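Participant:
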Amino acid sequence: MHTSAAFFDVDETLITVKSMFDFYDFWCRENNDDDKLESYMTHFRSAVKNGTPREQLNREYYRQFAGVNYKELEEAGENWFRAKRLDSGLFINSAVTALKKHQANKMLTVFISGSMRPVLSPVASYLGVTDILCAPLELTDEGIITGEIGTPQTIGSGKKEALINFCSQKKINAADCYAYGDDLSDIPMLESVGYPVCVGKYTELARHGINQSWPVI
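Just so you know, we're using my numbering here: the sequence shown kicks off at 5 and counts up by one.
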């Protein structure tokens, strides 16, 4: 039985890409849907510029997969990672080293990300991570993606909520846990554990972390 856990954001914490967008690029190109990709990214950039909340942007992203069979998405996620894994610059070595150290110390390692399980699962399997807290995709009884997601959304304060819920279920004290993040939006999650760590030395989060006496790797 584990008494503590190490929670890792994934995009730009463990890997150098934003998995949701990198996968969507892969998905559209595999399905000969370049126009859909261009249309979505144009809308996304405009929405970001206009200050659209991240929670809304997240929901809009998952609506792109409405009507898709979940198993098809799982297969595409495996194919995406198989191709991506060939990139020698995919992983952020300092964070992967920290993850492996926690695993060597028999600590539970957990992904916590706004991305989705079909994309995160092959990365987790490769790194020996068994628990994933991610976007709760809603499916029909037939396994078709509705395009909607449940709660909590695992971004911003939703990451903190997911982490606390996980610790409660596992009977783990969050004060004994580690959390790794790279973005200001990870602050609620980082503040909820006893051992927060910032990944990336020249970020806004790192500046905040230094003021809080948090380690920066």
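Using N, Cα and C, we set each Cβ at its ideal position, and we do this for glycine too. Here the structure is a predicted model, which is why all the values come from computation and not from measurement.
(1) Can you say whether L103 is buried or exposed, counting buried as having 16 or more other CB atoms within 10 angstroms of its CB?
(2) Taking the beta strand (DSSP E) that A183 falls in, what are its first and last residues?
(3) Going straight from the alpha carbon of T16 to that of V123, what length do you get?
(4) Rounded to whole angstroms, how far is the Cβ of I136 from the Cβ of L143, which I believe are closer than 8 Å?
(5) I'd like to check one pair, N97 with Q157: are the Cβ atoms closer than 8 Å?
(6) Give me the Cα-Cα distance between N215 and K75, rounded to the nearest whole angstrom.
(7) Determine the direct distance from the alpha carbon of S50 to that of K88, and round the result to whole angstroms.
(8) What residues match up with T113 in a beta bridge as DSSP calls it?
(9) Using the C-alpha atoms, what's the distance from D39 back to L112?
(10) Look at I168 and A9 and say whether their C-beta atoms are less than 8 Å apart.
(11) Determine the contact status of Y182 and Y206, defining contact as a CB-CB distance below 8 Å.
(12) Around the C-beta of M24, are 16 or more other C-beta atoms found within 10 angstroms, so that it is buried, or is it exposed?
(13) Pull up the DSSP beta-bridge partners for Y199, would you.
(14) Please name the residue or residues paired with L143 in a DSSP beta bridge.
(15) Rounding to the nearest angstrom, what Cα-Cα distance links L94 and T20 in this structure?
(16) Is the beta carbon of L285 less than 8 Å from the beta carbon of D180?
(17) Taking the alpha carbon of G185 as the reference point, which residue from G118, V133 and T155 has its own alpha carbon closest?
(18) I need the straight-line Cα distance from Q173 to N36, nearest angstrom please.
(19) To the nearest whole angstrom, what separates the beta carbons of E59 and I159, a pair I think is in contact under 8 Å?
(20) V127: which of G55, R86, T46 and R211 sits nearest, CA to CA?
(21) Report the rounded CA-to-CA distance for G132 versus L194, giving the unit in angstroms.
(22) Work out the CA separation of V197 and A178 for me, nearest whole Å.
(23) Thinking F27 and G81 are a contact (beta carbons under 8 Å), I'd like their distance in whole angstroms, please.
Facilitator: This is what the structure gives:
(1) If you number the sequence shown from 1, residue 103 lands on position 99. So L103 counts as buried.
(2) Residue numbering aside, residue 183 sits at position 179 when the sequence shown is read from its first letter. Note, A183: beta strand (DSSP E), Y182 to G185.
(3) Here residue 16 is taken as the residue at index 12 of the sequence shown, counted from 1. Here residue 123 is taken as the residue at index 119 of the sequence shown, counted from 1. The amino acid at residue 16 is misidentified as Thr; the sequence shows Glu. The straight-line gap from Cα to Cα measures roughly 15 Å.
(4) Here residue 136 corresponds to residue number 132 of the sequence shown, with the count starting at 1. Here residue 143 corresponds to residue number 139 of the sequence shown, with the count starting at 1. With 8 Å as the limit, I136 and L143 do not qualify as a contact, their Cβ atoms being about 16 Å apart.
(5) In the sequence shown, residue 157 corresponds to position 153, counting from 1. In the sequence shown, residue 97 corresponds to position 93, counting from 1. No, the Cβ-Cβ distance between Q157 and N97 is not below 8 Å.
(6) To locate residue 215, count along the sequence shown from 1; it is residue 211. To locate residue 75, count along the sequence shown from 1; it is residue 71. Each residue's alpha carbon lies about 45 Å from the other.
(7) Against the sequence shown, residue 88 aligns to sequence position 84. Against the sequence shown, residue 50 aligns to sequence position 46. When rounded, the distance between both Cα atoms is 28 Å.
(8) To locate residue 113, count along the sequence shown from 1; it is residue 109. For T113, which the question treats as bridged, DSSP gives the partners A10.
(9) To locate residue 112, count along the sequence shown from 1; it is residue 108. To locate residue 39, count along the sequence shown from 1; it is residue 35. About 42 Å.
(10) For the purposes of this step, residue 168 is identified with residue 164 of the sequence shown, where counting begins at 1. For the purposes of this step, residue 9 is identified with residue 5 of the sequence shown, where counting begins at 1. Not in contact: I168 and A9 (Cβ atoms no closer than 8 Å).
(11) For the purposes of this step, residue 182 is taken as residue 178 along the sequence shown, with counting starting at 1. For the purposes of this step, residue 206 is taken as residue 202 along the sequence shown, with counting starting at 1. At the C-beta level, Y182 and Y206 stay beyond 8 Å of one another.
(12) Sequence index remark: in the sequence shown, residue 24 carries index 20 (1-based). Answer is buried; the Cβ neighbour count reaches 16.
(13) Here the question's residue 199 lines up with position 195 in the sequence shown. Y182, per the DSSP bridge assignment.
(14) Residue 143 sits at position 139 when you count from the first residue of the sequence shown. In the DSSP output, where bridge partners are listed per residue, L143 has I149.
(15) Counting from one through the sequence shown, the residue named residue 94 turns up at place 90. Counting from one through the sequence shown, the residue named residue 20 turns up at place 16. Taking the straight line from one Cα to the other gives about 5 Å.
(16) Residue 285 lies beyond the stretch modelled for the chain, which goes from 5 to 221, so this question has no answer here.
(17) Along the sequence shown, read from residue 1 onward, the residue named residue 185 stands at position 181. Closest by alpha carbon: G118.
(18) The residue you call residue 173 lines up with position 169 of the sequence shown. The residue you call residue 36 lines up with position 32 of the sequence shown. Looking at the two C-alpha atoms, the distance is approximately 43 Å.
(19) On the sequence shown, position 55 is the one that residue 59 refers to. On the sequence shown, position 155 is the one that residue 159 refers to. I159 and E59 do touch by the CB rule: their CB atoms are close to 7 Å apart, below 8 Å.
(20) For the purposes of this step, residue 127 is taken as the residue at position 123 of the sequence shown. Nearest of G55, R86, T46 and R211 to V127, Cα basis: R86.
(21) Your numbering for residue 132 matches position 128 in the sequence shown. Your numbering for residue 194 matches position 190 in the sequence shown. Answer to the nearest angstrom: the Cα atoms are 22 Å apart.
(22) Your numbering for residue 178 matches position 174 in the sequence shown. Your numbering for residue 197 matches position 193 in the sequence shown. Approximately 5 Å, taken between the alpha carbons.
(23) Counted from its first residue, the sequence shown places residue 27 at position 23. Counted from its first residue, the sequence shown places residue 81 at position 77. Their Cβ separation, rounded to whole angstroms, is 7 Å, which keeps F27 and G81 in contact under 8 Å.
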